[in-house]
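**Q** Encoded as structure tokens, here's the structure I'll be asking about.
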Amino acid sequence: METFVIQFIHGLVYGLLLFLVASGLTLVFGMMSVLNIAHVSFYMLGAYLSYTMFKVMGNFWLALIICPIIVAFLGILMERFILRRVHAAGHVQEFVITFGILFALNEAIIWIWGSENLSVPVPSALSGSLLIMGNIYPAYRLFILFFSLFILALLAFILMKTRLGITVRAMVSDRDMAEALGTNAPFVFMLVMGIGSWLAGLAGVIAAPFLGISSGMGLDFLTDCFIVTVTGGLGSLWGAVVASFLIGQLSSFGILFMPRFAIVFGFLLMAVVLVIKPSGLFGEKA
Amino acid sequence: MRNRNLYHWVGIAVGVLAVLFPHILPRFQLRMVTEIVIVALLAMTWKMMLNEAGLFSFGHAVYFGLGAYASVLGWLHVKGLSLMSGILLGGFAAALIGFILSAFLVRMSGTYYALLTLAFNQLIWAIVWKWRAVTGGDDGLGKFPKPDLLGISMRDPANYYYLSLAIVAACMFLCWYFTKTPLGSVVKSIKSNEERAKFIGFNVGVSKVIFLTMLAFFAGVSGALYAQFQEFVGTSSIDLVMSTNVIFMAFIGGVGHFWGPLLGSGTYVYLSEYLSRYTDRWELIFGIVVVILVLFAPQGILGIARKKT
């Protein structure tokens, strides 16, 4: 029973981390119908930046604030100077160019920081552990849990209650109509791209002390992140929530029961969902 | 008219060169040219899928890799399996999996098609990777026989190059011929308007299944040729990197042109070979090249050439 609870929390933590990255991806896709594969490089960049930031400043919390903003700025630049120009050429070209960016960014990161694994220590305030049902559980993971829940709530609030959120939702559901009503579409695109990259960078920073920093971390995450966005339905935030929860639990319990085939479960889930409901669990348009 | 003449002359010149290559190129270069020819067939099948049917395949390595594995397993375990039968076995294995997958894939289009192919790619890659008893897992499979063809030794790189060239040329011709058949036109009509094609009375699903199965067959043949060329098959032939490389090749050359994949695979093979000599981080340069290319020439190298003439 105790192992179940612990594994459940493990899965929850991983799932929420996934959600942070996947939510940005799904938002951007919902708006611009571009699957930005380079998104996971932003996640990776966030982690590496936090390493340097920690070295220079010696403070995790500063890194948590500054690094995602740098990453968001990069995302905005990418939208403004690259994605916007290829838009006319068609979706396939947009898709391929994000691929090129993924390649270039990943390699640039390895070039700058080297290919050996790095680590960021857990901030001292959270380095302790708590007792859950008689088991010792690291406090930092619980921090990830609550922090991600906070971000989720914040995101939901912005999307549902603020004017910006209403604009974004309007553009996701009918872009032409929203533009006709006077929305400044290019500006909203840039903003959403910024928020999406910010989320990815944030996930990178909080994942760094937990999962470690390695040159493969982006691509390791890519597949799970894809599974989440696709299973949940491209462009659907709630779909991303449900799917990241499912994938988190699936990988956590998968490793417990069938360690050799844990890697297959996610793809199996995605394939089954897509075959039954091509638009994903919560997706509207196929 | 001048344009067309130029096109023919370039075609003839390349054809003559292709036949002469083993005599004028050093051994090392010949290996690269052989690789280009084999991979060009794969890139061609990817381009056909996008160009004729409007389907963006993100898991093309499945057909390539399974073709490679099937043929190698055939050469390893079936005594006296000839070279051609092995290659055909690879093709048919890929076609079979293409047929099975297309049953799921025909309902999809656009991004969802791409992502479902990605899911299948990863699923099959994971199975191949974990099923050590049959596939050798990470170690891959090597040391399989290389049978002679009609008494001609295929160990000679020149002979193997000619064989690949002949097979690839035949497959490419069939690809081209397909676009001229009535079925090819139906597939094209599905791309431009699926609803209307359905309404006119074409069996959209079956046409797509036949088309995808055929392309899977050719991709499998390419995989089998590649395995025999490398004298090795490993998980790298079926993983996501392989799938993305195919996309790059097709794109560099230009997806809208028949010869695009050949030019693209040539550029890709040479670029990766020479860049990796100068720097370990060649993928950085490669990524930038792709970005610049798509940014300024969304139709690939041949797209630029066509605009100029």
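Chains as they are written, first to last, in my numbering: chain A, 599 to 884; chain B, 45 to 353.
Note that beta-carbon positions come from the ideal geometry of N, C-alpha and C, so glycine has one too.
1) Checking 8 Å against the spacing of the C-beta atoms, do Gly-816(A) and Ser-639(A) come in under that value?
2) Establish whether the CB of Ala-163(B) and some CB of chain A are separated by less than 8 Å.
3) Hey, does Met-791(A) have any beta-carbon neighbour from chain B nearer than 8 Å?
4) I need the straight-line Cα distance from Met-680(A) to Leu-752(A), nearest angstrom please.
5) Between which two residues does the alpha helix (DSSP H) harbouring Asn-715(A) extend?
6) Could you tell me which chain A residues have their CB closer than 8 Å to the CB of Arg-151(B), listed as they occur along the chain?
7) Nearest by alpha-carbon distance to Asp-822(A): which of Ile-348(B), Tyr-157(B) and Ala-163(B) is it?
8) Closer than 7 Å by C-beta to Val-212(B): which residues in its own chain qualify, once you throw out the five before and the five after it? Chain order, please.
9) Would you decide whether Asn-289(B) is buried or exposed? Buried here means 16 or more other CB atoms lie within 10 Å of its CB.
10) Hey, which unbroken runs of the alpha helix (DSSP H) at 4 residues or more fall wholly within the region 750-790 of chain A?
11) Please report whether the beta-carbon of Thr-288(B) lies at a distance below 8 Å from any beta-carbon of chain A.
12) For Phe-276(B), name the three-state secondary structure that DSSP assigns.
13) Taking the continuous alpha helix (DSSP H) assigned at Pro-666(A), which residues delimit it?
14) Which chain B residues sit within Cβ distance under 7 Å of Met-868(A)?
15) Do Gly-103(B) and Ser-320(B) have their C-beta atoms within less than 8 Å of each other?
16) Do the region 254-271 of chain B and the region 141-154 of chain B meet, that is, are 3 or more Cβ pairs less than 8 Å apart?
17) Between the alpha carbons of Ile-742(A) and Ile-664(A), how many angstroms are there, rounded?
18) Enumerate in chain order the residues of its own chain whose CB-to-CB distance from Val-840(A) is below 8 Å, with the five nearest sequence positions on each side excluded.
19) Under three-state DSSP, which class holds Ile-244(B)?
20) Below 8 Å between beta carbons is the criterion; list the residues of the region 698-719 of chain A that meet it against any residue of chain B, in chain order.
21) What runs of the alpha helix (DSSP H), each 4 residues or longer, lie entirely inside the region 268-348 of chain B?
22) Taking Cβ positions, are Leu-110(B) and Gly-278(B) nearer each other than 8 Å?
23) Quick one: what does DSSP say Ala-884(A) is sitting in, helix, strand or coil?
24) So what does DSSP say about Ile-887(A), is it helix, strand or coil?
25) According to DSSP, is Ile-804(A) part of a helix, a strand, or is it coil?
26) Would you be able to state if there are at least three C-beta pairs under 8 Å between the region 148-155 of chain B and the region 169-177 of chain B?
27) Compare the C-beta of Leu-872(A) against all C-beta atoms of chain B and say whether one is closer than 8 Å.
28) Keeping to the same chain, check which residues put their C-beta closer than 7 Å to that of Lys-232(B); ignore five residues upstream and five downstream.
29) Are Leu-728(A) and Leu-740(A) close, meaning C-beta to C-beta below 8 Å?
30) List the residues that DSSP assigns as beta-bridge partners of Ser-639(A).
31) Compare the Cα-Cα distances from Leu-779(A) to each of Ala-768(A), Asp-818(A) and Phe-785(A) and report the closest residue.
32) Which residues in the same chain as Ile-708(A) place their Cβ atom closer than 7 Å to its Cβ, once the five residues preceding and following it in sequence are excluded?
33) Going by beta carbon distance, what residues of the same chain come within less than 8 Å of Glu-362(B), once the five residues before and after it are set aside?
34) Go to Pro-226(B), then tell me how far its beta strand (DSSP E) extends in each direction, as first and last residue.
35) Does any residue of chain B have a CB that is nearer than 8 Å to the CB of Leu-633(A)?
36) Spatial neighbours of Val-720(A) within its chain, please: C-beta separation below 7 Å, excluding the five flanking residues on both sides.
**A** Let me spell this out:
1) Residue mapping note: residue 816(A) aligns to position 218 of the first sequence, counting from 1. Residue mapping note: residue 639(A) aligns to position 41 of the first sequence, counting from 1. Yes, the pair counts as a contact, with Cβ atoms nearer than the cut-off.
2) For the purposes of this step, residue 163(B) is identified with residue 119 of the second sequence, where counting begins at 1. Interface residue, yes.
3) Along the first sequence, read from residue 1 onward, the residue named residue 791(A) stands at position 193. Any Cβ of chain B closer than 8 Å to the Cβ of Met-791(A) would place that residue at the interface, and such an atom is absent.
4) By one-based count along the first sequence, residue 680(A) stands at place 82. By one-based count along the first sequence, residue 752(A) stands at place 154. The residue asked about is misnamed: residue 680(A) is Ile in this sequence, not Met. Taking the straight line joining both Cα atoms gives about 29 Å.
5) Your numbering for residue 715(A) matches position 117 in the first sequence. Taken as a continuous stretch (DSSP letters only), Asn-715(A) belongs to no alpha helix (DSSP H), as it is neither H nor E.
6) Position 107 of the second sequence, counted from the first residue, corresponds to residue 151(B). Within chain A, the residues whose beta carbon sits less than 8 Å from that of Arg-151(B) are Pro-876, listed in sequence order.
7) What you label residue 822(A) is simply residue 224 of the first sequence in a count that begins at 1. For Asp-822(A), the closest of Ile-348(B), Tyr-157(B) and Ala-163(B) by C-alpha to C-alpha distance is Ala-163(B).
8) Along the second sequence, one-based indexing puts residue 212(B) at 168. Counting only Cβ-Cβ distances below 7 Å, and skipping sequence neighbours, we find Val-81, Ile-82, Ala-84 and Leu-85.
9) Counted from its first residue, the second sequence places residue 289(B) at position 245. So Asn-289(B) counts as buried.
10) 761-771 and 773-778
11) To locate residue 288(B), count along the second sequence from 1; it is residue 244. Cβ-Cβ to chain A under 8 Å: yes for Thr-288(B).
12) Mapped onto the second sequence, residue 276(B) falls at position 232. Here Phe-276(B) sits in strand by DSSP.
13) In the first sequence, counting from the first residue as 1, residue 666(A) sits at position 68. 658-676 is the span of the alpha helix (DSSP H), which, as asked, contains Pro-666(A).
14) The residue you call residue 868(A) lines up with position 270 of the first sequence. Under the 7 Å cutoff, chain B gives Ala-163.
15) Position 59 of the second sequence, counted from the start, is the residue given in the question as residue 103(B). Position 276 of the second sequence, counted from the start, is the residue given in the question as residue 320(B). No, Cβ-Cβ distance for Gly-103(B) and Ser-320(B) is not below 8 Å.
16) Enough Cβ pairs lie closer than 8 Å, so yes.
17) The residue you call residue 742(A) lines up with position 144 of the first sequence. The residue you call residue 664(A) lines up with position 66 of the first sequence. Their backbone Cα atoms lie some 18 Å apart in a straight line.
18) By one-based count along the first sequence, residue 840(A) stands at place 242. Excluding sequence neighbours, Val-840(A) sits near Gly-830, Leu-879 and Phe-880.
19) Reading the second sequence from its first residue, position 200 is the one you call residue 244(B). Residue state, collapsed to three classes: helix.
20) Gly-698, Ile-699, Leu-700, Phe-701, Ala-702, Leu-703, Asn-704, Glu-705, Ala-706, Ile-708 and Trp-709
21) 284-297, 304-322 and 326-340
22) Within the second sequence, residue 110(B) is the residue found at index 66, counting from 1. Within the second sequence, residue 278(B) is the residue found at index 234, counting from 1. 8 Å or more divides the Cβ of Leu-110(B) from the Cβ of Gly-278(B).
23) In the first sequence, the residue the question calls residue 884(A) occupies position 286. Bear in mind that the predicted position of Ala-884(A) carries a pLDDT of just 42, short of 50, making it too unreliable to give a figure here.
24) In the structure as shown, chain A starts at 599 and stops at 884, and residue 887(A) therefore has no counterpart that could be examined.
25) Translated into positions along the first sequence, residue 804(A) becomes position 206. Reduced to three states, the DSSP call for Ile-804(A) is helix.
26) Not touching, per the Cβ criterion.
27) The residue labelled residue 872(A) in the question sits at position 274 within the first sequence. Interface residue, yes.
28) On the second sequence, position 188 is the one that residue 232(B) refers to. Glu-96, listed in sequence order.
29) Here residue 728(A) corresponds to residue number 130 of the first sequence, with the count starting at 1. Here residue 740(A) corresponds to residue number 142 of the first sequence, with the count starting at 1. Yes, they are a contact pair.
30) Locating residue 639(A) in the first sequence gives position 41, where the first residue counts as 1. Residue pairing by DSSP places Ser-639(A) in no beta bridge whatsoever.
31) Your numbering for residue 779(A) matches position 181 in the first sequence. The shortest C-alpha separation from Leu-779(A) is found at Ala-768(A).
32) Numbered from its first residue, the first sequence carries residue 708(A) at position 110. Cβ within range, chain order: Ser-813.
33) With chain B covering only 45 through 353, there is no way to say anything about residue 362(B).
34) Locating residue 226(B) in the second sequence gives position 182, where the first residue counts as 1. Where Pro-226(B) is concerned, there is no enclosing beta strand (DSSP E), although the alpha helix (DSSP H) it sits in stretches over 226-236.
35) Here residue 633(A) refers to the residue found at position 35 of the first sequence. Yes, Leu-633(A) counts as interfacial toward chain B.
36) Here residue 720(A) is taken as the residue at index 122 of the first sequence, counted from 1. The residues are Tyr-738 and Pro-807.
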